[in-house]
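Student: Sharing a structure, written as structure tokens. Questions coming.
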Amino acid sequence: MATKLSGFPELLPRERIVEQQVLDHLRRTFELHGFANIETRAVEPLDVLLRKGEIDKEVYAVKRLAAGDSEPAELALHYDLTVPFARYVLENAGKLEFPFRRWQIQKVWRGERPQQGRFREFTQADIDIVARDMLPFHFDVEVARVMAEALAGLPIPTPTLQISNRKILEGFYLGLGVAEPLAVMPVVDKLDKVPAERIHELLVEQGLDAGQADRILALAEIVTTDTSFVPRVEALGVEHELLAEGLSELAQVVEGASGVEGVVVTADLRIARGLDYYTGTVFETRLEGWEHLGSICSGGRYDKLAQDRRSTYPGVGISLGVSRLLVPLALTASRSVPSVVLVAVDSEETRADSNAVAGRLRARGIPTEVAAKADRLGKQIQNAEKRGIPYVWFPPAAVKDIRTGDQVDADPDQWDPPAADLIPNILTKEQNT
RNA sequence: GUGGGUGUAGCUCAGCUGGUAGAGCACCGGCUUGUGGUGCCGGUGGUCGCGGGUUCAAGUCCCGUCACUCACCCCA
1 MATKLSGFPE
11 LLPRERIVEQ
21 QVLDHLRRTF
31 ELHGFANIET
41 RAVEPLDVLL
51 RKGEIDKEVY
61 AVKRLAAGDS
71 EPAELALHYD
81 LTVPFARYVL
91 ENAGKLEFPF
101 RRWQIQKVWR
111 GERPQQGRFR
121 EFTQADIDIV
131 ARDMLPFHFD
141 VEVARVMAEA
151 LAGLPIPTPT
161 LQISNRKILE
171 GFYLGLGVAE
181 PLAVMPVVDK
191 LDKVPAERIH
201 ELLVEQGLDA
211 GQADRILALA
221 EIVTTDTSFV
231 PRVEALGVEH
241 ELLAEGLSEL
251 AQVVEGASGV
261 EGVVVTADLR
271 IARGLDYYTG
281 TVFETRLEGW
291 EHLGSICSGG
301 RYDKLAQDRR
311 STYPGVGISL
321 GVSRLLVPLA
331 LTASRSVPSV
341 VLVAVDSEET
351 RADSNAVAGR
361 LRARGIPTEV
371 AAKADRLGKQ
381 IQNAEKRGIP
391 YVWFPPAAVK
401 DIRTGDQVDA
411 DPDQWDPPAA
421 DLIPNILTKE
431 QNT
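Right, here's the structure in full:
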């Protein structure tokens, strides 16, 4: 008996066409910027996954059935692509050329309770740049720029790339005399859900005085679409070397990522990112009208994610949640099959003629199928229409656009569909209804 | 993982205080040996998410479970 599994979505062909085009676009954009591709295995040693980040990660352990209950699981499915990538870099450090720029699109697994836009099995698209010992800062700018361009070409609600820098927060807190700046960040990070007064209370509970808490909240209120956040932060009157460094960095990233049509870029000092390995630039991304989904694309700079005896490998990267990104789409394409043309069949005796026409169209790169059955021609047309195939070919030499009803004489060695019909079109919700 | 809501034909839904299931759309066939989307006539289709319980009798009450969904948590 077939049963659905919560959080493990499976798409219909028409939906998959939409996802596939999104993936194609991402790959094209990443490769346009020279990123190389790798794929890492689905499993990692359990202790590698648990060592980074928190211990309560909902990871799926994997073990051989024959291992029995006494042997603990040693492997687990990866829950992101960054940790496996760090491991991969260490393992292949001798064979890679640095700085190493790679894109990676794979499934990941998390045991969280599913909801709209939250899955247990989903697809992430990552770009990261890693170097040995020293990674120039301009790569922070590049990674933001590439992802902005990738998002720009997609048929989604307007994305806002929210960028911050942990050096600003940490430096500001240190300048304020806060003893444990890293403990403040997870609290401030909740600002989008918890009211400011409550955050203030929580900060005071952490041992800060009311004045410090006020200034911390004042910093977090600063959101700008250009570099005007710099004087606004400076006006708060806190000074620290790290703060100044962070302001300079963030200004460069915001400037560098701005100007991509269809993408809003902000310096947003609310963004702190819970904890983890981030050391500088941090990113989150929200979709207009779909803010409740949370961030669809986040990442940042991590100076010490990977380390071996000799070297440290600093990196900067962003992960795009493809599965989550698809939620606002109607997830519907103009057709459920790749076919541009359905070649009609007059009778089973002449099927070979239809096959010949199809072969000639395919030889020129036009996806073509032949009618399954020599039905009444009206039924063959309806069958094409049902699946959204735009053209029906009547052998030997006539082709009909069944959307308009226009029919013309044509030579299968010459005829070309308009470029817009060559692949299925993604329909938005409005177009679909 | 914690707490709440929902679950009836492919789709959208109706089924009052318990008495063995309906509509519209879709789909199939005919009017139309053949180039369709309108119209008319006819037809197929439901273990009422699944399992258990209460009852003479449950879609309708109770419990469990699964799925979807909302908040929290976490994050893509």
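Here my numbering is used: the first residue of the first sequence is 1, the next is one more, and so on.
Every residue, glycine too, gets a C-beta built ideally from N, C-alpha and C.
Here the structure is a predicted model, which means the values were calculated and not measured.
In this structure, does DSSP put S319 in helix, strand or coil?
Tutor: Of the three classes helix, strand and coil, the one that applies to S319 here is strand, per DSSP.
Student: Mind the definition here: the stretch 289 to 309 touches the stretch 61 to 73 only if three or more C-beta pairs lie below 8 Å; say whether that holds.
Tutor: As far as the Cβ criterion goes, the stretch 289 to 309 does not touch the stretch 61 to 73, which means the pair count is below three.
Student: Roughly how far, in whole angstroms, is the beta-carbon of E39 from the beta-carbon of Q104, given that I think they are within contact range, below 8 Å?
Tutor: Right, their Cβ atoms sit about 7 Å apart.
Student: With H, G and I counted as helix, E and B as strand and the rest as coil, what does DSSP make of G53?
Tutor: Note on G53: pLDDT 47, under 50, position unreliable in the model; the coordinate value appears next. Residue state, collapsed to three classes: coil.
Student: According to DSSP, which residues form a beta bridge with T252?
Tutor: Checking the sequence shown, residue 252 turns out to be Gln, not Thr. None, per the DSSP bridge assignment.
Student: Quick one: Cα of P159 to Cα of M147, how far?
Tutor: Those two C-alpha atoms are separated by around 11 Å.
Student: Closer than 6 Å: is that where the CB of K379 sits relative to any heavy atom of the ligand ZN?
Tutor: Among the components modelled here there is no ligand, and therefore nothing to report on the ligand ZN.
Student: Considering R14, what are the terminal residues of the alpha helix (DSSP H) in which it resides?
Tutor: Its alpha helix (DSSP H) spans residues P13 to L32.
Student: Taking DSSP's pairing of strands, which residues face I105 in a bridge?
Tutor: I105 is bridged to A125.
Student: Pull up the distance between the alpha-carbon of R120 and that of V108, whole angstroms please.
Tutor: Spanning the two alpha carbons is a distance of roughly 8 Å.
Student: Buried or exposed for D421, going by 16 or more other Cβ atoms inside 10 Å?
Tutor: Burial call: buried.
Student: Closest by CA to E44, which one among P84, G34 and L32?
Tutor: Taking only the C-alpha atoms, the option nearest E44 is P84.
Student: Can you tell me whether DSSP reads Q382 as helix, strand or coil?
Tutor: Correct three-state label for Q382: helix.
Student: Between the Cα of V48 and those of H78, L242, R324 and G262, spot the shortest distance and give me the residue it belongs to.
Tutor: When each option's Cα is compared against that of V48, the closest is H78.
Student: What residue ranges within the stretch 148 to 208 form continuous beta strand (DSSP E) runs of no fewer than 3 residues, ordered along the chain?
Tutor: The stretch 148 to 208 contains these whole beta strand (DSSP E) runs: 159 to 165.
Student: Distance check for L46 and S248, CA to CA, integer angstroms please.
Tutor: Their backbone Cα atoms lie some 39 Å apart in a straight line.
Student: On the DSSP letters alone, give me the boundaries of the alpha helix (DSSP H) that Q115 sits inside.
Tutor: Counting along the chain, Q115 falls outside any alpha helix (DSSP H), and DSSP gives it neither H nor E.
Student: Buried or exposed: A363, going by 16 or more other Cβ atoms within 10 Å of its Cβ?
Tutor: Exposed, since its Cβ has fewer than 16 Cβ neighbours within 10 Å.
Student: Going by DSSP in three states, V263 sits in which element: helix, strand or coil?
Tutor: Three-state result, V263: coil.
Student: Which value, in whole angstroms, describes the spacing of the CA atoms of E54 and F122?
Tutor: Note that E54 scores 49 on pLDDT, short of 50, meaning its location in the model is unreliable; the coordinates nonetheless yield the value given after this. When rounded, the distance between both Cα atoms is 20 Å.
Student: Which of the three DSSP states, helix, strand or coil, is assigned to D413?
Tutor: Three-state DSSP puts D413 in coil, outside helix and strand.
Student: Counting pairs of Cβ atoms below 8 Å between the stretch 166 to 182 and the stretch 190 to 200, do you hit three or more?
Tutor: They do not touch, by the three-pair rule.
Student: Given H25, which residues of its chain have a CB within under 8 Å of its CB, disregarding the five upstream and five downstream residues?
Tutor: Correct list, in chain order: A150, G153 and L154.
Student: Identify whether S354 lies in helix, strand or coil by the three-state DSSP scheme.
Tutor: In the structure shown, S354 sits in a helix (DSSP, three-state: H, G or I).
Student: Kindly list the residues whose CB is nearer than 6 Å to the CB of Q162, restricted to its own chain and excluding five residues on each side of it in sequence; keep chain order.
Tutor: Closer than 6 Å at Cβ, skipping near neighbours: T266, D268, I271 and E284.
Student: Could you pull the start and end residues of the alpha helix (DSSP H) that L90 belongs to?
Tutor: L90 -> alpha helix (DSSP H) spans T82 to E91.
Student: Starting from R132, trace the beta strand (DSSP E) in both directions and tell me its first and last residue.
Tutor: No beta strand (DSSP E) contains R132, which DSSP labels as neither H nor E.
Student: To which residues of the same chain is T227 closer than 7 Å at the C-beta, ignoring the five residues directly before and after it?
Tutor: The answer, listed in chain order, is A251, V254 and E255.
Student: Around the Cβ of Q380, are there at least 16 other Cβ atoms within 10 angstroms (buried) or fewer (exposed)?
Tutor: Q380 should be labelled buried.
Student: Count the other CB atoms, across all protein chains shown, that sit within 10 Å of the CB of N165; report buried if there are 16 or more and exposed otherwise.
Tutor: Classification for N165: buried.
Student: What is the C-beta distance between V22 and T332, in whole angstroms, given that I count them as a contact (C-beta under 8 Å)?
Tutor: Not a contact, Cβ separation roughly 13 Å.
Student: Roughly how many whole angstroms lie between the Cα atoms of A42 and K400?
Tutor: Those two C-alpha atoms are separated by around 47 Å.
Student: Taking just the CA atoms, how far does G321 sit from E112?
Tutor: About 15 Å.
Student: Is the separation between the beta-carbon of L305 and that of G315 shorter than 7 Å?
Tutor: Contact flag set, yes.
Student: Near M1, what residues of its chain come up, given a Cβ to Cβ distance below 6 Å and the 5 sequence neighbours on each side ignored?
Tutor: Reliability fails at M1, whose pLDDT of 41 lies under 50, so the model's placement of it is uncertain and no value is given.
Student: Go to L305, then tell me how far its beta strand (DSSP E) extends in each direction, as first and last residue.
Tutor: L305 -> beta strand (DSSP E) spans C297 to Q307.
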